[in-house]
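In our numbering, the protein residues as written are 1092 to 1249.
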């Protein structure tokens, strides 16, 4: 291997990036498998429902929802279609902008999110709570929020 390749692999930033990718993949796979065994909401459904619940009036425009969750717009559209068919959300045209559509959390969606909550919290504790101190979790959160802020703008070309 070239020294340039070796220096890239040994760069701590590259190693952290790779560790984040692997952690995300493993956490997602474990959560999906666990929630399926628990016969509760899939993590993607929960993510959309909790994001709506945190929004003012439990309502977001579809483009705002897409910015807050981690799915492609087409993937989110299909997910919201399914959630609407299940009665967990409803769509409503924006009064001022006829092209815009609101996604609104229903009472059934709120109840489903609340029922899934204990399972989600159990999984979060399994991944984070038993392996990190409160101080470490706070530090990790602060670092992740800085990463989120850094990703708000496109990466400039060199």
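C-beta atoms are modelled at their ideal positions from N, C-alpha and C, and glycine is treated no differently.
{"Item": "Residue burial classification, residue 1142 (beta-carbon count within 10 angstroms, cutoff 16)", "Value": "buried"}
{"Item": "Residue(s) in a DSSP beta bridge with residue 1111", "Value": "None, per the DSSP bridge assignment."}
{"Item": "Through-space distance from residue 1203 to residue 1113, alpha-carbon basis", "Value": "29 Å"}
{"Item": "Contact set for residue 1099: own chain, Cβ-Cβ below 8 Å, skip 5 residues either direction", "Value": "1105"}
{"Item": "Among 1229, 1147, 1152, the one whose alpha carbon lies nearest that of residue 1187", "Value": "1152"}
{"Item": "First and last residue of the uninterrupted beta strand (DSSP E) at residue 1151", "Value": "1150–1152"}
{"Item": "Residue 1196 and residue 1230 closer than 9 Å at C-beta", "Value": "no"}
{"Item": "Three-state secondary structure assigned by DSSP to residue 1211", "Value": "helix"}
{"Item": "Segment contact, 8 Å Cβ cut-off, at least three pairs: the segment 1159–1172 with the segment 1221–1236", "Value": "no"}
{"Item": "Distance CB(residue 1210)-CB(residue 1129) smaller than 9 Å", "Value": "yes"}
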